[in-house]
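Under UniProt numbering, the sequence shown has 157 at position 157, and the numbering climbs by one with no breaks.
See structure below.
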Amino acid sequence: MNQYTIQTAKYEHLALAEEICRHMEESAKARGTGIAKRSPDYIKKKMLEGKAVVATDKQGNFVGFCYIESWGHGKFVANSGLIVHPDHRKSGIAKDIKKEIFKLTRSKYPESKIFGITTSLAVMKINSALGYEPVPFSELTDDDDFWKGCSSCVNYDVLTRTNRKMCICTGMLYDPAEAEKKERESKWNFNVKTKVYERWLRLKESVLSKFRNKNGNGNSNGGGNAEESKLVPMPEIKKPVEREKILVYSAIIAAIAALIKSIFE
Ligand SMILES: CC(C)(COP(=O)(O)OP(=O)(O)OC[C@H]1O[C@@H](n2cnc3c(N)ncnc32)[C@H](O)[C@@H]1OP(=O)(O)O)[C@@H](O)C(=O)NCCC(=O)NCCS
């Protein structure tokens, strides 16, 4: 049973802001990076705007957090400040928080590209599962305010030296237009493949039922009805020439089946 509640933060969660900030700061220190410093007031503002997701235990204690920021006049959004309480890590909470904040972000900013920069393998895994792809920094927002947030990072000199082209972090992006295109293409492929498969089934049924009919069973409805032809028992084949024909047709059917199988794989 799930011991945690993951939800869009509400008024009642404002009291957790101080603790959330403290954990963010401590984890940045532990990782040896420096992150854009968030004040409790900023966290509270995000909560009140309905742009934050919080995880709490049964007693209402802090378990995890993440919030939405928008950049470049809403063209880009980021799910920032992901943090899970050290006592609750590696049990899928970050994954669930990110799923929830992703859903919230898509509903609030359906046209926006969602991005993030991270050195965390856990975050890279979670983002990939949500449909993000690694991209060069040139694909991310050019909003100066976003990049200013990196100034407290120990690696900031790398970012400035490369004119913001690259750094230690990996840039990841979810582009809704691209995702929609991919989904359309996969549906199209499924439709095309389904039609090929249906045609193949009809052809197979028609060949088999012709044999059945020729061998005296008399059910000559054109041979295309799969259900009926399934019901007709295979008659005993007496003439050797019929057997040869069956072997030839079977070989053809097997070859076509192999071809169809390779299309579906
Ligand atoms: C990064 C962090 C949010 C992950 O939280 P979590 O709840 O432990 O993550 P989950 O349990 O949901 O794990 C998600 C995936 O990452 C993997 N993972 C978790 N911690 C990991 C680690 N330290 N190293 C490598 N992989 C890790 C999990 O195995 C899981 O992979 P799977 O989908 O293949 O099973 C948490 O460690 C944390 O708060 N760290 C400090 C703050 C931070 O680094 N934030 C990210 C800033 S970009």
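Glycine included, every Cβ here is placed at the ideal spot set by N, Cα and C.
On a predicted model such as this, the values are computed, not experimentally measured, just so you know.
**Prompt:** How about M166 and E133: are their beta carbons less than 8 angstroms apart?
**Reply:** Along the sequence shown, read from residue 1 onward, the residue named residue 166 stands at position 166. Along the sequence shown, read from residue 1 onward, the residue named residue 133 stands at position 133. Result no, Cβ atoms of M166 and E133 do not sit closer than 8 angstroms.
**Request:** Could you say which of K90, P86 and N79 lies nearest to K99 if we only look at CA atoms?
**Result:** Taking the first residue of the sequence shown as 1, we reach residue 99 at position 99. Ranking K90, P86 and N79 by Cα distance to K99 puts N79 first.
**Request:** Would you decide whether A17 is buried or exposed? Buried here means 16 or more other CB atoms lie within 10 Å of its CB.
**Result:** Sequence index remark: in the sequence shown, residue 17 carries index 17 (1-based). Under this definition A17 is a buried residue.
**Prompt:** Looking at the structure shown, is residue 282 part of a helix, part of a strand, or coil, going by DSSP?
**Reply:** Residue 282 lies beyond the range of the chain shown here (1 to 265); nothing can be said about it.
**Asked** Under the rule that 16 or more other beta-carbon atoms within 10 Å means buried, what is A94, buried or exposed?
**Response** Stepping through the sequence shown from its first residue, residue 94 is reached at position 94. Under a 10 Å Cβ-count criterion, A94 is classified as buried, with 16 or more other Cβ atoms of the shown protein chains found around its own Cβ.
**Straight-line gap, R89 to G64 (C-alpha atoms, nearest Å)** = Within the sequence shown, the letter at position 89 stands for residue 89. Within the sequence shown, the letter at position 64 stands for residue 64. Going by C-alpha positions, R89 is about 9 angstroms away from G64.
**Prompt:** Quick one: is S152 buried, meaning 16 or more other Cβ sit within 10 Å of its Cβ, or exposed?
**Reply:** Here residue 152 is taken as the residue at index 152 of the sequence shown, counted from 1. The residue is exposed, with fewer than 16 neighbouring Cβ atoms inside 10 Å.
**Prompt:** Among residues of its own chain, excluding the 5 on either side of A179, which ones have a beta-carbon nearer than 7 angstroms to its beta-carbon?
**Reply:** Residue numbering aside, residue 179 sits at position 179 when the sequence shown is read from its first letter. Taken in chain order, the residues that qualify are G131.
**Prompt:** Within 7 angstroms: the Cβ of A94 and any heavy atom of ligand 1?
**Reply:** Here the question's residue 94 lines up with position 94 in the sequence shown. Yes, since a heavy atom of ligand 1 falls inside the 7 angstroms radius drawn around the Cβ of A94.
**Message:** Mapping the DSSP letters down to three states, classify S70 as helix, strand or coil.
**Reply:** As a working note, residue 70 is residue 70 in the sequence shown. DSSP places S70 in strand when its eight states are reduced to three.
**Continuous alpha helix (DSSP H) stretch holding A55: start and end** = For the purposes of this step, residue 55 is taken as the residue at position 55 of the sequence shown. Where A55 is concerned, there is no enclosing alpha helix (DSSP H), although the beta strand (DSSP E) it sits in stretches over A52 to T56.
**Message:** Determine whether the beta carbon atoms of residue 280 and K44 lie at a separation below 8 angstroms.
**Reply:** Past the edges of the chain, shown from 1 to 265, lies residue 280, and the structure says nothing about it.
**Prompt:** Expressed to the nearest angstrom, what Euclidean distance is found between the alpha-carbon atoms of R243 and L203?
**Reply:** Position 243 of the sequence shown, counted from the start, is the residue given in the question as residue 243. Position 203 of the sequence shown, counted from the start, is the residue given in the question as residue 203. C-alpha separation (whole angstroms): 20 angstroms.
**Request:** With a 10 Å radius around its C-beta and 16 neighbouring C-beta atoms as the bar for buried, classify G74 as buried or exposed.
**Result:** Your numbering for residue 74 matches position 74 in the sequence shown. By the neighbour-count rule (16 or more Cβ atoms within 10 Å), G74 is not buried but exposed.
**Request:** Alpha carbon to alpha carbon, how far is F62 from I20? Give it in angstroms, no decimals.
**Result:** In the sequence shown, residue 20 corresponds to position 20, counting from 1. In the sequence shown, residue 62 corresponds to position 62, counting from 1. Looking at the backbone, the Cα of I20 and that of F62 are separated by about 7 angstroms.
**Prompt:** Taking C-alpha atoms, which residue in E111, N127 and K182 lies nearest to T118?
**Reply:** The count along the sequence shown starts at 1 and reaches residue 118 at position 118. Of E111, N127 and K182, the residue nearest in Cα terms is N127.
**Prompt:** Smallest Cα separation from E12: which of A55, M24 and I68?
**Reply:** In the sequence shown, counting from the first residue as 1, residue 12 sits at position 12. Among A55, M24 and I68, the Cα nearest to that of E12 belongs to A55.
**Prompt:** Which of the three DSSP states, helix, strand or coil, is assigned to V135?
**Reply:** Walking along the sequence shown from the start, residue 135 turns up at place 135. V135: strand per DSSP, three-state reduction.
**Message:** For ligand 1, I want to know if R31 counts as a neighbour, meaning its beta carbon is within less than 7 angstroms of at least one of the ligand's heavy atoms.
**Reply:** Translated into the one-based positions of the sequence shown, residue 31 becomes position 31. Yes; taking the cut-off as 7 angstroms, the Cβ of R31 has a heavy atom of ligand 1 nearer than that.
**Asked** Is T170 near ligand 1, with its Cβ less than 7 angstroms from a heavy atom?
**Response** Counting from one through the sequence shown, the residue named residue 170 turns up at place 170. No.
**Prompt:** Bridge partners of F62, per DSSP?
**Reply:** Along the sequence shown, read from residue 1 onward, the residue named residue 62 stands at position 62. According to DSSP, F62 shares a beta bridge with T56.
**Asked** Hey, would you say the C-beta of V192 is under 7 angstroms away from at least one heavy atom of ligand 1?
**Response** Here the question's residue 192 lines up with position 192 in the sequence shown. Result no, Cβ not under 7 angstroms from ligand 1.
**CA nearest to the CA of L201, picked from Q3, A257 and G60** = Position 201 of the sequence shown, counting from 1, holds the residue named residue 201. Ranking Q3, A257 and G60 by Cα distance to L201 puts A257 first.
**Prompt:** In whole angstroms, what separates the C-alpha of V77 from that of S138?
**Reply:** Numbered from 1 along the sequence shown, position 77 holds the residue referred to as residue 77. Numbered from 1 along the sequence shown, position 138 holds the residue referred to as residue 138. So the alpha carbons of these two residues sit roughly 15 angstroms apart.
**Prompt:** At a cut-off of 7 angstroms, is V154 close to ligand 1 when judged by its beta-carbon and the heavy atoms of the ligand?
**Reply:** Against the sequence shown, residue 154 aligns to sequence position 154. V154 Cβ: outside cutoff for every heavy atom of ligand 1.
**Prompt:** In this structure, what does DSSP give as the bridge partners for A251?
**Reply:** Along the sequence shown, one-based indexing puts residue 251 at 251. Partner(s): none; A251 has no beta bridge.
**Delimiting residues of the beta strand (DSSP E) encompassing L48** = Numbered from its first residue, the sequence shown carries residue 48 at position 48. Element bounds for L48: not the beta strand (DSSP E) but the alpha helix (DSSP H), P40 to L48.
**Message:** Please report the straight-line C-alpha distance between K10 and F146, rounded to a whole angstrom.
**Reply:** The sequence position of residue 10 within the sequence shown is 10, counting from 1. The sequence position of residue 146 within the sequence shown is 146, counting from 1. Roughly 26 angstroms separates the two Cα atoms.
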